[in-house]
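Report on one structure; see the data block that follows.
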Amino acid sequence: MITTIASVVPLQLADRVLISLTSISGLVLVASGLTIIFGLMGVLNLAHGALMMVGAYTAYAVQSAGFSPWLGIVIAPLVVGLIGVAMEVTLIRRLYDRPLDTLLATWGIAIVLQEAVTIAFGTSQKSVAPPIEGSVSLLGVTYPAHWAFIIVVTIVVMAITIGLFAYTDIGIMALAVIQDREMASAVGINTRVSDRTTFGFGSALAGLSGAIMAPLLSVNSTMGIAWLADSFLVVIVGGVGTFTGTIAGGILLGGLDNLFRTVISGYTSIAQAAVLVVALIIIRYRPQGLIPAGERGE
Amino acid sequence: MATADAAVDLKTPGEIAKLAGLLALVALPLFVSEYQVSTWSTYLTFALLALSIDLVWGYTGLLTLGHAAFFGAGAYVTAKLLKEVPAVPDAAVVFVVAPAFAALLTLGLGWFLFSADVKGSYFAITTLIVSIIFESVAGEFVGFLGGFNGIYGVPSIQVVGFELTATMSYYLALGILVGSYLFLRLLVGSAFGRVLRGIRGNQERTEFFGYDTQRYRLIVFTLSGAMAGVAGSMYATIDGFVSPPLLGFVLSTQVVIWIAVGGRGTLIGAVFGAILIQYLNSTLSDVLINYWEMGLAVLFIAVVIGAPRGIVGLLSDTVEGVQTSLDSANRGDLGAGGELDD
């Protein structure tokens, strides 16, 4: 999933562990927005990968305009969050009761975003500089500081998101709308605003993940496709509708990916395909995922 | 409105339009170069792929985002056999081995998914992943399947030592397409087809009526796989080149877009959408570059939201509307009231 990392570093155990931690964090971070949009809201958003890609391009655009990489990380979620709100207002809102049509329409949006980015930036690969240069020493291994940054950001983002939906009024109201729209509306929640904010927040997370991951990836307009499939698998395998499920899914799939890469070294695509096969088998035999939702209400 | 699907009724405008379209396709090789004939032949093979997807998606409600995997499987098995095992007759490869191979794959996958009642969005996502798996595996087998470069120089079909020309391949592809269309039309008009639509409308209710929907879904998915296999096989003999993107999910989703724009669940919409969009693609993408893809995506979104039956649906609604108003005008004022009682 993160090819660049695997090829750079010699394969010792401590290295392997850190590489796995980084790629698991990356997976969880990219999937976090989808956990909200697909997992909680039930919207089959095939534009998720494209939103992440736009986040990466926003980071690139900010940097190439001469600003600090930090600014890109701040602006990307705003830009992509706004795109998400626009999507919700124009299209998604009409399709809440038509899941397969949502899937098709969001795929259309993904193509529009992809082509728009190609028109604006051309087809060449872009590279994005990390906000933190240099390296840190962990477990006796010298380790790029940006990798550690990804792990930290993922932990912080997941903690904030879980806290938001568990303890704040906005989050609890959003969950109420998702669980019972009519009842939520009856107790005075503006369900439309709530849907819009929730969708926008999930999109913003996709944009943030794109900006954070961009330095590790070759940034191009089709980069989102692989991450789209991975994100859906992480959310489904982990258990739709729970944040802990997404973390579990990320650990399982990211861990397996690294394991298979080590075992079947030299055949990256076969290793990736093997992970997908495991994911298919899990979806077939355990469709509720590793950590199913539903144990929420006692 | 029970329209007689199976009977060919030459009086309706829809049937006249279909015949005119067929005649245009028959006459096409007279007006274009041999190179273009080959290009049009590939359009026809993709139209056959679109038909096979429409049967599963449009009629049975199972959105498959991975059908290119079976198209590509048919193409790859044909490429290997035609190039390396000349003992097997070409016709047997195209009409027996390729569809059987693809049907086996769909049978296995269908059993795997339907026995756990995987449907709806999960079916779409799992088929999409199968397509990604096929593409990446084919890309990795450099020695056996040519890796990312694919397999070049697949010969065109030979019948008793005589090689088909581009034009003959075109008519063969057209014949297969028209034959498949007519066969599917009979199928969806039959009792079997009604069960398929029942599954699309409400699978549970269809089960309560005593139908084994798992078996129906398996049959229809396998049949559709076999058709995709023939389509891929024909493609390999016409284009002479197979590569991993033929198996991939980009092609799978493209065909779904063609069907949606043409009109899902109408059969003719799949064929019409596939041919029209591929033709426009080849003529407009040079001029409009990325704006063409973007415009198509916007059209696709609009169709999904506002016109689920696509262009064909819009056209037939218009024609019906005109006919109804003509009918009621002919019958005078009583017309509109009389129809309600039927």
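Read top to bottom, the protein sequences are chains W and R.
Residues 0 to 297 in numbering that gives the first Met the number 0 are what the first sequence lists, from first letter to last.
Residues 0 to 341 in numbering that gives the first Met the number 0 are what the second sequence lists, from first letter to last.
Even for Gly, the Cβ is constructed at its ideal location relative to N, Cα and C.
This one's a predicted model, so the numbers in the text were calculated from it and none came from an experiment.
Would V31 (chain R) and T166 (chain R) qualify as a contact pair, given that the criterion is a beta-carbon distance under 8 Å?
no
So which residues of chain W does E206 (chain R) contact, with C-beta pairs closer than 8 Å?
Those within 8 Å of E206 (chain R) in chain W number zero; the least Cβ separation is about 19 Å.
Any beta carbon from chain R within less than 8 Å of T261 (chain W)'s own beta carbon?
no
So which of R:F70, R:H66 and R:L181 has the shortest CA-CA distance to L21 (chain R)?
R:L181
Which chain R residues are close to T117 (chain W), counting only those with a beta carbon under 8 Å from its beta carbon?
N289
Is there contact between the region 166–176 of chain R and the region 99–110 of chain R, where contact requires at least three CB pairs shorter than 8 Å?
no
Report the rounded CA-to-CA distance for A123 (chain R) versus V117 (chain R), giving the unit in angstroms.
9 Å
Relative to the C-alpha of A72 (chain R), which candidate in R:R308, R:I131 and R:G119 has its C-alpha closest?
R:I131
Can at least three beta-carbon pairs, one atom from the region 68–86 of chain R and one from the region 199–214 of chain R, be found at a separation below 8 Å?
no
Reference V255 (chain R), options R:P244, R:G239, R:V241 and R:A273, closest by Cα:
R:A273
Give me the chain R residues within the contact set of D100 (chain W), using Cβ-Cβ distance strictly less than 9 Å, ordered along the chain.
V303, I304 and P307
Whole angstroms are fine: how far does the CA of V87 (chain R) sit from the CA of L298 (chain R)?
45 Å
Does the beta-carbon of I280 (chain W) have 16 or more other beta-carbons within 10 angstroms, so that it is buried, or is it exposed?
exposed
Under 7 Å between beta-carbons, which chain W residues line up against Y42 (chain R)? List them in chain order, please.
Those do not exist, as Y42 (chain R) stays about 21 Å from chain W at its closest Cβ, beyond 7 Å.
Expressed to the nearest angstrom, what Euclidean distance is found between the alpha-carbon atoms of L77 (chain W) and G201 (chain W)?
11 Å
Would you mind reading off the limits of the beta strand (DSSP E) that contains L62 (chain R)?
Here L62 (chain R) belongs to no beta strand (DSSP E), and DSSP marks it neither H nor E.
Short of 9 Å Cβ to Cβ, which residues in the region 184–204 of chain W face chain R?
none
Could you pull out every unbroken alpha helix (DSSP H) segment of at least 4 residues lying fully inside the region 241–311 of chain R, listed in chain order?
248–261, 267–287 and 289–305
Of all the CB atoms in chain R, is at least one closer than 8 Å to the CB of A85 (chain W)?
no
Contacts around G139 (chain W), its chain only, beta-carbon distance under 8 Å, and the 5 residues preceding and following it disregarded:
A13
The region 269–300 of chain R: positions lying closer than 7 Å to chain W by Cβ
N289, E292, M293, A296, V297, F299 and I300
What's the call for M182 (chain W), buried or exposed, on a 16-neighbour Cβ count within 10 Å?
exposed
In whole angstroms, give me the CA-to-CA distance for Y95 (chain W) and F37 (chain W).
11 Å
Taking 8 Å as the cut-off, decide whether the C-beta atoms of T221 (chain W) and I290 (chain W) are in contact.
no
Looking at the ligand NAP, does it come within less than 7 Å of K82 (chain R), judged from the CB to the closest heavy atom?
The ligand NAP is not part of this structure, which contains no ligands at all.
Tell me, please, whether the CB atom of G149 (chain R) is closer than 8 Å to any CB atom in chain W?
no
Would G54 (chain W) pass as a contact of L207 (chain W) if the rule is Cβ separation under 8 Å?
yes
Which of the three DSSP states, helix, strand or coil, is assigned to L43 (chain W)?
coil
Quick one: is I108 (chain W) near chain R, going by C-beta distance under 8 Å?
yes
Beta-carbon of L127 (chain R) versus every beta-carbon of chain W: anything under 8 Å?
yes
Looking at V236 (chain W): is its Cβ nearer than 8 Å to the Cβ of G253 (chain W)?
no
What is the DSSP secondary structure of S134 (chain W), reduced to helix, strand or coil?
strand
Neighbour list for L112 (chain R) in chain W, Cβ cutoff strictly below 8 Å
R283
Which residue from R:V286, R:G262 and R:Q322 puts its Cα closest to that of L50 (chain R)?
R:G262
Residue burial classification, T197 (chain W) (beta-carbon count within 10 angstroms, cutoff 16):
buried
If the criterion is Cβ atoms closer than 8 Å, does the pair F113 (chain R) and R216 (chain R) meet it?
yes
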